[in-house]
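A.B. asks: According to UniProt numbering, the sequence shown is numbered sequentially starting from 1.
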Amino acid sequence: MKTLIYAHRGASKLAPENTMPAFELARAAGADGIETDVQLTKDQVPVLIHDENLRRTTNGTGFVQDYTYAQLRLLDAGSWFSSEFSDIYIVTLDEFLRWFRDQPMFLNIELKTNVIEYKNIERIVYESLKRYHVLERTVISSFNSDSLLRMKEINPSIQTAFLTSTKMRKLPQYARSIQCEALHVKHRLLDKKLVKRCRKEKLDLRIYTVNRPSMMKKCYSLGVSGIFTDVPHQAIEYRDLFRKRRNR
Ligand code: G3P
Ligand code: MG
1 MKTLIYAHRG ASKLAPENTM PAFELARAAG ADGIETDVQL TKDQVPVLIH DENLRRTTNG
61 TGFVQDYTYA QLRLLDAGSW FSSEFSDIYI VTLDEFLRWF RDQPMFLNIE LKTNVIEYKN
121 IERIVYESLK RYHVLERTVI SSFNSDSLLR MKEINPSIQT AFLTSTKMRK LPQYARSIQC
181 EALHVKHRLL DKKLVKRCRK EKLDLRIYTV NRPSMMKKCY SLGVSGIFTD VPHQAIEYRD
241 LFRKRRNR
């Protein structure tokens with residue numbers, strides 16, 4: 001089975017994470033999918049930003065949840081990365097989906113509900129995905145299992161993935177018990193046994209964040225379902241190389 005390559009926060013080594021340039025570069029690189037993080041503004045607009053706090057990736061301060069989108073839209077979300085991105089702003093989920101719906105790619109929406117449990121975020125995100133007709137190629141992930149269960153209550157056919165960096169006994173069984181179709185784990189949790197157990201549970205296994213060639217190779221040779229990488233162009237190159245070698 002071919003391991004699918006998801007651009008983690010877009011092609012986030014080449015452009016500021018979770019911004020339109022990073023997503024467009026992921027598409028241009030030929031990534032199979034995009035992973036992005038969603039938080040809610042004060043006026044309940046889903047926006048794509050990894051941290052709850054604005055400090056690291058914008059010129060703002062304080063928390064996303066304390067600003068309206070109109071206020072956040074004025075922030076510079078690119079200069080922290082490089083001066084050439086000084087006109088880049090925080091994008092809403094809807095604006096992203098308007099672009100994404102025409103791209104032949106998969107989507108992983110990570111609900112950032114592990115620190116702040118944004119009220120209604122599941123319903124709000126679900127309605128956006130439905131509006132843009134992308135539900136079938138989207139998987140919703142979260143470190144918060146209650147959030148995933150709430151998603152399933154809204155629509156049992158939406159794909160969900162339990163996200164974790166913690167080694168836990170019977171992790172695949174746990175993911176199944178909360179109705180997930182997939183498990184997304186940190187790279188250091190990956191071994192043969194986990195791959196086998198996920199297969200047994202009929203769970204897709206995807207690994208984050210895979211930036212080193214040696215880890216890419218491990219993922220490809222174990223045949224995991226997908227990887228999340230900041231460098232999709234490199235991951236594709238290594239995957240092609242790996243497949244060529246294997247078929248020799
Ligand atoms: O969804 C995989 C990965 O993005 C989870 O961790 O902190 O990069 O959002 P983080
Ligand atoms: Mg993420």
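The beta carbon of each residue, even a glycine, is placed where N, CA and C say it ideally should be. Please read all numbers here as calculations on a predicted model, not as lab measurements.
Fully enclosed by the stretch 122-190, which alpha helix (DSSP H) runs are 4 residues long or longer?
C.D. replies: 145-154 and 171-177
A.B. asks: Which ranges does the alpha helix (DSSP H) cover as unbroken runs of at least 4 residues, wholly within the stretch 197-224, from first to last along the chain?
C.D. replies: 213-222
A.B. asks: Could you pull the DSSP bridge partners for HIS233 from this structure?
C.D. replies: Bridge partners of HIS233 according to DSSP: none are assigned.
A.B. asks: Tell me which residue opens and which closes the beta strand (DSSP E) that PHE106 is part of.
C.D. replies: 106-111
A.B. asks: Consult DSSP for VAL47 and reduce its assignment to one of helix, strand or coil.
C.D. replies: Strand.
A.B. asks: Measuring only the C-alpha atoms, how far is THR138 from ILE109?
C.D. replies: 7 Å
A.B. asks: Who does GLY33 pair with in a DSSP beta bridge?
C.D. replies: TYR6 and PHE106
A.B. asks: Does at least one heavy atom of the ligand G3P sit under 6 Å from the Cβ of ASP204?
C.D. replies: no
A.B. asks: Per DSSP, ASN59 is paired with what?
C.D. replies: None, per the DSSP bridge assignment.
A.B. asks: Roughly how many angstroms lie between the CA atoms of LEU148 and SER142, to the nearest whole one?
C.D. replies: 7 Å
A.B. asks: Taking Cβ to Cβ, would you say THR92 is nearer than 7 Å to VAL38?
C.D. replies: no
A.B. asks: Residue range of the alpha helix (DSSP H) that ARG98 falls in?
C.D. replies: 93-100
A.B. asks: Would you decide whether ARG248 is buried or exposed? Buried here means 16 or more other CB atoms lie within 10 Å of its CB.
C.D. replies: It is exposed - the Cβ of ARG248 has fewer than 16 other Cβ atoms within 10 Å.
A.B. asks: Using only the heavy atoms of the ligand MG, determine whether one of them is closer than 6 Å to the beta carbon of GLU52.
C.D. replies: no
A.B. asks: Just verifying my parser: in three-state terms, what is the DSSP assignment at LEU75?
C.D. replies: coil
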